[in-house]
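Right, one structure below, let's go through it.
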Amino acid sequence: MQSGFITNIQRFSIHDGPGIRTTVFLKGCNLRCYWCHNPETLDIRPQLQLFLDRCIGCGECFERCPQGGHIVVDGRREFHRDRCIGCGTCADTCYAQALVLVGEEKTVEEVVDVVLRDRPFYETSNGGVTLSGGEPLMQLDFSVAILERCREEGLHTAIETAANYAWSRVAAILSVTDLVMMDIKLIDPERHREATGVSNTRILENALRLGEQPQPLIVRTPIVPGVNDRAEDVAAIAEFVRGLPNLLYYELLPFHPLARGKYDSLDMPYRAVGLETPSKETMDALTDVALQFGIEARHA
Ligand code: SF4
Ligand code: SF4
Numbered sequence: 001m002q003s004g005f006i007t008n009i010q011r012f013s014i015h016d017g018p019g020i021r022t023t024v025f026l027k028g029c030n031l032r033c034y035w036c037h038n039p040e041t042l043d044i045r046p047q048l049q050l051f052l053d054r055c056i057g058c059g060e061c062f063e064r065c066p067q068g069g070h071i072v073v074d075g076r077r078e079f080h081r082d083r084c085i086g087c088g089t090c091a092d093t094c095y096a097q098a099l100v101l102v103g104e105e106k107t108v109e110e111v112v113d114v115v116l117r118d119r120p121f122y123e124t125s126n127g128g129v130t131l132s133g134g135e136p137l138m139q140l141d142f143s144v145a146i147l148e149r150c151r152e153e154g155l156h157t158a159i160e161t162a163a164n165y166a167w168s169r170v171a172a173i174l175s176v177t178d179l180v181m182m183d184i185k186l187i188d189p190e191r192h193r194e195a196t197g198v199s200n201t202r203i204l205e206n207a208l209r210l211g212e213q214p215q216p217l218i219v220r221t222p223i224v225p226g227v228n229d230r231a232e233d234v235a236a237i238a239e240f241v242r243g244l245p246n247l248l249y250y251e252l253l254p255f256h257p258l259a260r261g262k263y264d265s266l267d268m269p270y271r272a273v274g275l276e277t278p279s280k281e282t283m284d285a286l287t288d289v290a291l292q293f294g295i296e297a298r299h300a
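Number 252 in this note's numbering belongs to position 252 of the sequence shown; there are no gaps in the numbering.
As structure tokens, this is what we get:
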């Protein structure tokens with residue numbers, strides 16, 4: 001039975017495509033955007049989150065970890081993440097929920113069983129299922145199998161992707177996808193590499209090909225202060241996307257600083273220190289810039 005790693009199945013989503021949807025968040029991404037809102041999805045493996053302000057000092061985790069991940073040195077607790085294999089034993093026994101395993105292996109049928117629970121809501125709202133992450137293309141076979149099963153059940157299927165993969169992988173998931181929501185963060189290749197850790201050459205090539213497919217395409221840009229919040233940044237993207245024949249609309253999404261706690265819990269450096277959510281006035285002005293290119297544009 002096909003299986004893969006997910007962080008969450010979110011029911012009653014209204015921001016991940018049309019209608020009421022169930023969004024499946026998959027683990028693993030091959031970009032490293034320094035402001036990422038979902039750092040728990042970057043690594044494909046399960047990871048332990050520590051919220052030690054909740055710890056009641058019961059000592060169970062020290063006893064239960066088979067890897068010696070939790071130890072006491074000179075009267076102080078230490079967590080050795082390099083020893084952790086993500087088995088989840090300590091999280092299961094932590095009554096205080098100071099330890100939480102993020103990421104679990106699920107079969108396709110387990111995921112689809114949850115998705116199908118809300119079928120009546122999809123039917124009345126023209127909703128369906130969305131694969132997000134992380135990056136659905138990273139666990140391609142798992143993602144395709146989920147969407148295939150959902151298609152067999154007559155559900156509308158959508159993906160949220162950065163499309164930083166060979167076209168053959170994009171094409172494989174397209175065969176079972178009704179709507180594509182794709183991120184384009186920057187047009188300038190060097191600045192894209194600085195901000196995300198990867199080149200945008202393949203992303204933009206894939207965007208051009210996606211723009212010619214039968215499925216409607218929504219392009220989205222997370223607006224991050226100092227990265228792409230200047231008028232010329234949005235203008236460059238709007239000029240690019242206006243050449244995509246099947247563009248449904250272009251959407252700007254504001255950065256928010258709410259992920260800080262997740263970075264801390266995973267011992268990951270938080271590199272968006274000091275960044276604030278763009279104001280409504282900024283989002284309005286940037287949307288106006290995009291509208292000047294004759295495309296449908298909006299912001300969240
Ligand atoms: S099991 Fe949880 S509450 Fe108990 S010592 Fe470990 S982290 Fe603290
Ligand atoms: S998840 Fe498993 S290996 Fe990791 S610290 Fe907890 S018990 Fe140890």
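No residue lacks a Cβ here, since even glycine has one placed at the ideal position from N, Cα and C.
| Check | Outcome |
| --- | --- |
| Assumed close pair I203, A145 - CB separation to whole angstroms, cut-off 8 Å | Rounded, the Cβ-Cβ distance is 25 Å, inconsistent with contact. |
| G134 CB to nearest heavy atom of ligand 2 below 6 Å | no |
| Limits of the alpha helix (DSSP H) - the one that S265 falls within | 260-265 |
| C-alpha gap between D316 and E205, whole angstroms | Absent from the model: residue 316. The displayed extent of the chain is 1 to 300, so no value can be given. |
| Minimum C-alpha distance to L116 - residue among E105, N38, G57, V24 | V24 |
| Simplified DSSP state of K106, which is helix, strand or coil | strand |
| Bounding residues of the alpha helix (DSSP H) (the contiguous stretch that carries M138) | Per DSSP, M138 belongs to no alpha helix (DSSP H) and is neither H nor E. |
| Straight-line gap, L179 to A98 (C-alpha atoms, nearest Å) | 39 Å |
| Through-space distance from V114 to T287, alpha-carbon basis | 36 Å |
| Spatial distance of E153 from E123 (CA atoms) | 12 Å |
| Simplified DSSP state of I146, which is helix, strand or coil | helix |
| Which listed residue (C36, C94, Y34, R32) has its alpha carbon closest to that of I56 | C94 |
| Three-way DSSP call (helix, strand, coil) for S199 in this model | coil |
| Span of the alpha helix (DSSP H), counted from its first residue to its last, around A297 | Not the alpha helix (DSSP H): A297 falls in the beta strand (DSSP E), residues 297-299. |
| Residues sharing a beta bridge with R77, DSSP | V72 |
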